[in-house]
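In the working numbering, the protein residues as written are 21 to 243.
Heads up: the structure comes next, in C-alpha cells.
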Amino acid sequence: MSVKPVIELTADGSHTLFIPGLNEHYHSVNGAIQESTHVFIEAGLKHCRKDTIHIFEVGFGTGLNAFLTLLESRRTGRIIHYTSIEAYPLSDNIIKDLNYPDKYLSIEQDMYYRLHSVDWEKESEITDNFFLTKIKADFTSLDFSKIKENVDIIYFDAFAPDKQSDMWTQEIFDKLYAISGDGCILVTYCAKGIVRRMMQQAGFTTERLPGPPGKREMLRAIK
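Laid out in C-alpha cells, this is it:
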C-alpha cells in the first residue's frame, strides 16, 4: 500500500488502521474488537455447528478476525482450517504496535504474532486445532483453484463497496458460491441492498441482522 496506515484508537479501546489514500478504516471506529466479534464470531462462527470448520477470509489485514477465531477455537476445541487472502501485508512495525494481544495471556499474545510470522502460501499449525493458510494475492484476480472447495464459513471483510467496488461484483459472489459447501455461511458488515441482491443472484439465501455498534444492519448469507 503506497501510504503507510495510521493507527487509531476506537471506542472500545482497541486499535484500527486508517488508510489516508482510501479515506477508509480497517475496522470500525465504534470498536474494532466489538465489530469483528459481532459480525464474524457471533453471526458467523457460532452459527456453524460443525466440529471441523473450513473458513475462507477475504482480507487478512490486521489478523484480528483470525485471532478472535483462534481464541474461540481454543475455547470450544473445534478444529479450524483458516484460509485468508491479502494483497498488502502489514509491516512488522505496524503489527507490533497494534494493541489486540494486550488483554490476553502471554501464550495467546504469542499466537497473535505467529499468525503474522508464518510463511505465506502453505498451511501452518498455530495450535493443535487451528491451521492457517495465508495467500498473498489480489482477490479480484485470485486463482480460485487455490481454495479448497466446500468452504463452511466466509468472512467477507473487504473495504467498503464505495472504496473498492471491484471487490463487490456479481462475478466475485458467483465464485464464492461455487467454493461454498452446502450450508456455508457468508457474513459481512455491509448491508447495502445491491450487495444483498448480488448474493441472492449467486444463489445464497440472505438475511439482514442487527449490526455492530454504530451500524444498524449487517448481512448473513447461507448456501
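Think of the CB as a built atom: it goes at the ideal place given N, C-alpha and C, for glycine as much as any other residue.
Checklist entry - Does the segment 167-180 come close enough to the segment 112-123 to have 3 or more Cβ pairs within less than 8 Å? => result no
Item to check | Beta-carbon proximity check, Leu-196 vs Ala-241, cutoff 7 Å | outcome: no
Next on the checklist: If I measure Cβ to Cβ from Thr-72 and keep anything under 6 Å in the same chain, skipping five residues before and after, which residues do I get?
Outcome noted: Ile-99
Checklist entry - If Glu-143 sits next to Thr-153, beta carbons under 8 Å apart, how far is it from one beta carbon to the other, in whole angstroms? => result 5 Å
Item to check | His-319 - DSSP class collapsed to helix/strand/coil | outcome: The first residue shown for the chain is 21 and the last is 243, placing residue 319 beyond what the model contains.
Item to check | Cutoff 7 Å; reference Leu-162; Cβ partners in own chain excluding five residues on either side | outcome: Ile-105
Item to check | Selection from Tyr-108, Ile-192, Tyr-209 and Ala-157 that minimises the alpha carbon distance to Ile-61 | outcome: Tyr-209
Checklist entry - Whole-angstrom Cβ separation of His-47 and Glu-55, contact assumed at under 8 Å? => result 6 Å
Next on the checklist: Quick check: Asp-177 and Gly-79, are their CB atoms within less than 7 Å of each other?
Outcome noted: yes
Next on the checklist: Using the Cβ count rule (16 or more neighbours within 10 Å means buried), how would you classify Val-26?
Outcome noted: exposed
Next on the checklist: Taking the straight line between their C-alpha atoms, what separation do you get for Asn-149 and His-74?
Outcome noted: 12 Å
Checklist entry - Leaving out the 5 sequence neighbours to the left and right, which residues in its chain are closer than 8 Å to Lys-70 when beta-carbon positions are compared? => result Arg-98 and Asp-172
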